[in-house]
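Asks: Let me give you the structure first, and then I'll get to my questions.
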Amino acid sequence: DNMRKEILNVLNGTGGGQGVKWADAMKALGSQSSIKINPAKFSEVIKALENEGLLKVVREWDKCMIRKIDG
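Position one of the sequence shown corresponds to residue 10 (our numbering), numbered consecutively onward.
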């Protein structure tokens, strides 16, 4: 899936371990695509990647960060 690859590319480009804000990841993905990013599809792909152990979503009271898991 293209969105899956691009999300991982966005995380690789940010240093992965530091993570990226949810909204910033969507913006970065949108800037690379000629089509509008569907937030529901984005959430679905993030959840699948998290279930596979490839990334971790860290929810803090004021923000949601996506961090790549190395290994």
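Built from N, CA and C at the ideal position, the CB exists for glycine as well. Computed from a predicted structure; not experimentally measured.
Could you check where the beta strand (DSSP E) with Lys45 kicks off and where it finishes?
Replies: That residue, Lys45, is in no beta strand (DSSP E); it is neither H nor E in DSSP.
Asks: Report the residue ranges of all alpha helix (DSSP H) runs contained in full by the stretch 10-64; include only those spanning at least 4 residues, in chain order.
Replies: You should have 11-22, 31-41 and 48-60.
Asks: Any idea what DSSP makes of Ile78, helix, strand or coil?
Replies: Correct three-state label for Ile78: coil.
Asks: Assign Trp31 to one of two classes, buried (16 or more other C-beta atoms within 10 Å of its C-beta) or exposed (fewer than that).
Replies: It counts as buried.
Asks: Is the beta carbon of Arg13 less than 8 angstroms from the beta carbon of Val66?
Replies: It is not a contact, given that the beta carbons lie outside the stated cut-off.
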